[in-house]
Amino acid sequence: MKKEKKKSTFGLMGALLINSILYMFLNTFMVAYFITLTHYDYSKISMYYILSFLGILLTFLFFGKIVKNKHQVLVFRSGIFLYCMYILLIAFLKEKIVLYFAPLGFFYGIVQGLFWIAAHVLINEHTKQKTNAFISFKSILEVVLELIFPIIFGTSIEVHSFSVVAKAILPLSFLQFLCSFFIEDQAKTYKKSYNLKEYITYVREKKQFQTVYQLFACDGIVNYLLDTLITILIVITFRSSLSLGILNTIASLCSIVSVYIFGYKWKSNPKILSISSFIFLFSVIFLIFNLNKGTILLYHFSSAIFLVLLRNAGDTKRYEIVNEDLKIEKDYLVEHQVICEVYLNISRILGYFILFIVSLFHQIIFFKLLLAFVTGIVILYAQKLIWLKKKEVVRS
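For the sequence shown, counting from 1, position 307 maps to 1700 in our numbering; every step adds exactly one.
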């Protein structure tokens, strides 16, 4: 049993790490490519993301019942298979992706929804009390990958083309599919059938769970809109995929040390999280008042060292909070993950709708104002995370 559990954890880790590489390509370099093709029309990329988040939200709501009592690994593999189909589509459509951005965005949302509704539950089931170690170790390995792949992607796109690189990464999808065969589909022990309404009633008065859901309402802005916004600002300033790759690679060096020391060893205690939010705020203020290569570098390093700690702590809390209520762990694990995703994707949709409105004005000042708003959400995110961490310290 122990051997099977290790094999499952290994397969899950492998699939998630490959997903991180694909995410780097599709959510950084594809954004840059899309921006270039549309001649810096940010409204289309905003709508692409809005439709993709709507796809994720609907997929979670529709597949929650299936994932709870059926084969989670099968759903996981379905997401991986469709991921491969999506990459094939953008590789062969080339510049025509601009014409089909709406269906592509919605399809990408379904792909991500299938992958993550199974992945979140599998992480909960296979890591149990070792979630912090799993997430932190995954984060360290992801940062190592970020040292290598952004510079490879950036250089390859400059030398060849986006579509050629898209075709070249297809083998990663096949490898990801192979990793899924190491994951054991555990026998389900849920006593209750899937009932989202019943779960919402049960959890309504639980302050810590409500705070986690509020955390994920902020997370949609912190982990997604912020990245897209910074990518836009980098493209405006540097106008090069190679520069984007180099910046991401250099920043990743800082993240390795930060995650290992503060996240993995010290487990991101409340004081570290407070300091991280303050320093991140400091770097964004510089960026808002003076957008240039120097302030972008300062932001990038601040994000790599400090914002990564907030993000990791938030991701871990999504899984760890389940251990605080035996009934939720036994009966409502899938419902908990679905509610997290509902809050997350509603905030993503709202955030990218604001980006869509801002993009209609075509003025850098509005992007800076949006960055100021996003930074306020980051601080709120940090405060809720610190509150949860302090409660955790009190209980221990």
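Ideal Cβ placement from N, Cα and C applies to all residues, glycine included. Just so you know, these numbers come straight off a predicted model, no measurement behind them.
{"query": "Proximity winner among L1680, S1676, L1702, relative to S1695 (alpha-carbon distances)", "result": "S1676"}
{"query": "Straight-line gap, A1495 to K1784 (C-alpha atoms, nearest Å)", "result": "43 Å"}
{"query": "Straight-line gap, F1546 to I1473 (C-alpha atoms, nearest Å)", "result": "21 Å"}
{"query": "Beta strand (DSSP E) segments (min. 3 residues) lying fully within the stretch 1449 to 1500", "result": "none"}
{"query": "Simplified DSSP state of D1718, which is helix, strand or coil", "result": "coil"}
{"query": "Whole runs of the alpha helix (DSSP H) within the stretch 1540 to 1606, excluding any shorter than 4 residues", "result": "1555 to 1561, 1563 to 1572, 1589 to 1596"}
{"query": "Touch test, the stretch 1528 to 1541 against the stretch 1456 to 1469, Cβ-Cβ under 8 Å, three pairs minimum", "result": "no"}
{"query": "Whole-angstrom distance between A1408 and F1575, CA atom to CA atom", "result": "10 Å"}
{"query": "Inter-residue spacing [alpha-carbon to alpha-carbon] between F1456 and Q1505", "result": "12 Å"}
{"query": "Three-pair Cβ contact test at 8 Å for the stretch 1732 to 1748 versus the stretch 1600 to 1613", "result": "yes"}
{"query": "For W1659, three-class secondary structure by DSSP", "result": "Because W1659 sits at a pLDDT of 49, beneath the cut-off of 50, its placement in the model cannot be relied upon, and the following sentence gives the value as read from the coordinates. Correct three-state label for W1659: coil."}
{"query": "Spatial distance of S1566 from H1693 (CA atoms)", "result": "29 Å"}
{"query": "Meets three-Cβ-pair contact criterion under 8 Å: the stretch 1586 to 1606 and the stretch 1411 to 1419", "result": "no"}
{"query": "Run of the alpha helix (DSSP H) containing N1705, from where it starts to where it stops", "result": "1701 to 1713"}
{"query": "Outcome for K1658 when other beta-carbon atoms lying within 10 angstroms are tallied against a minimum of 16", "result": "At K1658, the pLDDT of 48 sits below 50, so the modelled position is not reliable; the number obtained from the coordinates is stated separately. With fewer than 16 other Cβ atoms within 10 Å, it is exposed."}
{"query": "DSSP-derived helix/strand/coil call for H1755", "result": "coil"}
{"query": "Closest residue to G1707 among K1489, F1760, I1772 (Cα-Cα distance)", "result": "I1772"}
{"query": "Through-space distance from L1497 to Y1479, alpha-carbon basis", "result": "8 Å"}
{"query": "Of the residues L1450, Q1569, K1523, N1616, the one placed nearest F1476, counting alpha carbons only", "result": "The residue you asked about is not Phe; residue 1476 is Tyr in the sequence shown. The option with the nearest alpha carbon to Y1476 is Q1569."}
{"query": "Exposed unless 16 or more other CB atoms sit within 10 angstroms - verdict on Q1756", "result": "exposed"}
{"query": "Terminal residues of the alpha helix (DSSP H) in which T1431 lies", "result": "Per DSSP, T1431 belongs to no alpha helix (DSSP H) and is neither H nor E."}
{"query": "For I1689, the first and last residue of its enclosing alpha helix (DSSP H)", "result": "1686 to 1695"}
{"query": "Three-way DSSP call (helix, strand, coil) for N1683 in this model", "result": "coil"}
{"query": "Top-ranked residue by Cα proximity to G1502, from Y1441, V1727, K1399", "result": "Y1441"}
{"query": "Simplified DSSP assignment, three categories, for Y1725", "result": "coil"}
{"query": "Whether H1513 touches L1405 by CB criterion (7 Å)", "result": "no"}
{"query": "Neighbourhood of V1731 by C-beta, 6 Å cutoff - its chain only, sequence neighbours within 5 removed", "result": "F1453, G1457"}
{"query": "V1727 and V1460 closer than 7 Å at C-beta", "result": "yes"}
{"query": "Closest residue to F1527 among L1753, T1402, L1482 (Cα-Cα distance)", "result": "T1402"}
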